[in-house]
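Heads up: the structure comes next, in structure tokens.
In my numbering, the protein residues as written are 66 to 652.
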């Protein structure tokens with residue numbers, strides 16, 4: 066009896082990955098034999114490259130907000146951190162502190178870089194998987210995926226997210242978020258398994274515990290499900306119910322928690338009266354295009370962008386930005402079958418940038434580290450066109466290598482900016498000389514170096530540009546006092562007192578009055594500062610100094626102890642308490 070031939074499967078129901086499997090096996094066995102030490106060698110080379118690119122910032126000091134945020138995190142106990150916002154991030158900073166203290170910043174920077182490198186490796190496998198799902202030939206995906214990972218790792222727009230210690234929340238959450246997407250994309254065509262669903266949920270939870278912007282991840286995974294399983298169909302959503310049911314509950318719980326935080330926060334959320342949600346929304350319709358411009362042409366970077374607020378749709382043509390975003394999303398949907406990776410990348414980018422660039426107000430309008438999470442979407446658009454480039458392997462390697470080498474040099478240069486407070490704010494001042502904060506912060510960096518006279522013009526300009534900022538006046542007064550102009554320092558501080566709600570200006574005024582021998586006025590200022598803010602350790606320190614001058618050592622010691630109770634890191638209060646106790650013992 067003649068043996069019947071087995072019918073070939075209909076190509077419509079065979080995934081590109083399964084169809085390419087025999088070719089992949091032949092390629093692996095017929096040519097170069099991959100061994101484990103090849104991977105170890107490549108990983109070592111990658112770590113060395115990343116170390117060299119980020120070397121200028123690795124041993125740099127705490128800059129920007131690091132100087133008070135990192136000590137503030139580490140001053141709390143581990144249980145306190147785990148109960149608060151972003152517990153995974155703060156726990157990692159706590160372990161950094163337990164291992165090396167605050168004397169050296171290198172371990173903090175190094176851990177940021179390691180998480181960034183790990184996220185880059187996840188990008189490699191994620192892009193490789195998407196290329197196979199999109200039908201690319203298996204022997205062509207490695208080079209393209211490596212180029213995509215290089216874009217993520219070496220682009221200078223990523224440097225703020227890595228070189229800034231407090232951005233540990235970015236690198237940690239993005240590593241977990243990308244890993245969750247990669248694990249999801251590894252599922253079989255028939256649907257996600259229970260174990261894989263648990264892994265995705267676990268990684269999603271860690272991403273949210275690192276930074277709350279990861280709450281957008283469920284929407285990204287739903288879109289990925291539509292695009293790739295089984296392909297431009299919602300039927301795959303039913304198969305993955307075991308993932309979406311708990312993920313939806315987690316997203317709702319996380320959303321409620323984040324909403325409570327936003328309602329109480331003073332630098333983000335709906336409680337900022339000077340930045341309503343609709344102003345922020347129209348502003349972000351323009352800001353998103355600025356991020357994309359910086360991705361394509363990374364020139365004009367700054368730690369503090371001077372980005373104007375759009376208070377309505379026609380302010381700075383914000384309506385044009387919104388129309389362009391809607392047109393981009395519509396084009397991605399219309400051409401989703403023709404350009405699947407670019408289409409998916411556009412939607413992924415818009416979903417992942419939404420938590421920081423939509424309608425939830427955040428004090429700083431344009432911040433480069435916010436591009437870190439949605440950067441995978443922009444990279445996918447590049448990958449779509451790169452994979453269609455019909456060129457020889459040598460030409461592709463040469464082009465990719467040239468682009469990545471250029472980006473590496475630019476990132477190295479950008480990391481040099483993050484190597485010191487002075488360099489960081491000088492760079493910002495060069496880009497935006499008419500903005501108040503770069504002037505104030507550059508002046509403060511000079512003041513910290515003891516270059517008080519040099520700092521005065523920058524403080525004066527900052528207070529002229531933003532006369533309502535209390536701390537700018539206080540910093541100016543400190544610089545004037547340092548330069549031997551204590552009378553002028555009193556005048557600058559008095560400008561800030563009517564605006565002060567924290568006690569900082571009054572505490573500084575108490576110090577300056579004390580230096581001028583105006584002890585009665587100094588005591589009155591210190592008392593007002595303590596009444597305004599009973600948790601102000603410096604006000605207790607200055608009042609203690611006045612009691613000490615008056616010979617009342619018991620009251621002085623009590624104030625120094627209170628200052629230390631409020632801030633155990635206040636070494637001046639500790640030294641003053643030791644001196645007072647020593648004087649009391651001698652008496």
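Backbone N, C-alpha and C fix where the C-beta goes; we use that ideal spot for every residue, glycine too.
This structure is a prediction, so every number in the text was calculated from the model and none was measured.
Between residue 572 and residue 603 a beta carbon distance of about 5 Å is seen, short of the 8 Å cut, so the two are scored as contacting. Classified as buried, residue 223 has 16 or more neighbouring CB atoms from the shown chains inside 10 Å of its CB. Cα atoms of residue 596 and residue 221: separation of roughly 47 Å, rounded to the nearest angstrom. Taking every protein chain shown into account, the CB of residue 439 has 16 or more other CB atoms within 10 angstroms, so this residue is buried. Residue environment: residue 649 is assigned as exposed (fewer than 16 neighbouring CB atoms within 10 Å of its CB, all protein chains considered). Short of 6 Å from the beta carbon of residue 376, and not among the five residues preceding or following it, lie these beta carbons of its own chain, in chain order: 344. Burial check for residue 593: the Cβ neighbour count within 10 Å reaches 16 or more, so the residue is buried. Boundaries for residue 427: no alpha helix (DSSP H) harbours it, and the DSSP string shows neither H nor E there. A distance of 8 Å or more separates the beta carbons of residue 116 and residue 188. By the Cβ-count criterion, residue 486 is buried, with 16 or more other Cβ atoms from all chains shown falling within 10 Å of its own Cβ.
In the structure shown, residue 253 falls within a strand segment according to DSSP collapsed to helix, strand and coil. With 16 or more other Cβ atoms inside 10 Å of its own Cβ, residue 569 counts as buried.
In summary, residue 416 is buried, with 16 or more beta-carbon neighbours lying within 10 Å of its beta-carbon over all protein chains present.
One Cα belongs to residue 153, the other to residue 490, and the distance between them is close to 30 Å. Here the C-alpha atom of residue 488 lies approximately 11 Å from the C-alpha atom of residue 478. In the three-state reduction of the DSSP assignment, residue 346 falls in the helix class. Per DSSP, residue 498 is not a residue of any alpha helix (DSSP H), being assigned neither H nor E. Secondary structure within the region 358 to 421: the alpha helix (DSSP H) runs of 4 or more consecutive residues, fully enclosed, are 383 to 399 and 405 to 418 (chain order).
Below 8 Å, enough C-beta pairs join the region 336 to 354 and the region 419 to 431 to call them touching: three or more. Judged by DSSP secondary structure, residue 207 falls within the alpha helix (DSSP H) whose first and last residues are 203 to 219. In the displayed model, residue 164 falls within a helix according to three-state DSSP.
For residue 547 against residue 507, the beta-carbon gap comes to about 16 Å, at or over 8 Å, which does not count as contact. The three-state reading of DSSP puts residue 630 in helix, counting H, G and I together.
Taking 8 Å as the cut-off, the beta carbon of residue 373 is found no closer than this to the beta carbon of residue 316.
Using a Cβ-Cβ distance cut-off of 8 Å, the region 114 to 128 and the region 169 to 189 are in contact, since at least three pairs of beta carbons, one from each stretch, lie closer than that value. The Cβ atoms of residue 387 and residue 350 lie closer than 8 Å to each other. When rounded, the separation of the alpha-carbon atoms in residue 492 and residue 367 is 7 Å. By the Cβ rule, the region 246 to 257 counts as touching the region 302 to 319, because three or more pairs are nearer than 8 Å. In this structure, residue 158 and residue 138 form a Cβ contact; the two beta carbons are roughly 5 Å apart against a cut-off of 8 Å. Taking the Cα positions, residue 389 is about 60 Å away from residue 580.
Selection 601, 412 and 263 evaluated against residue 397 yields 412 as nearest (Cα-Cα).
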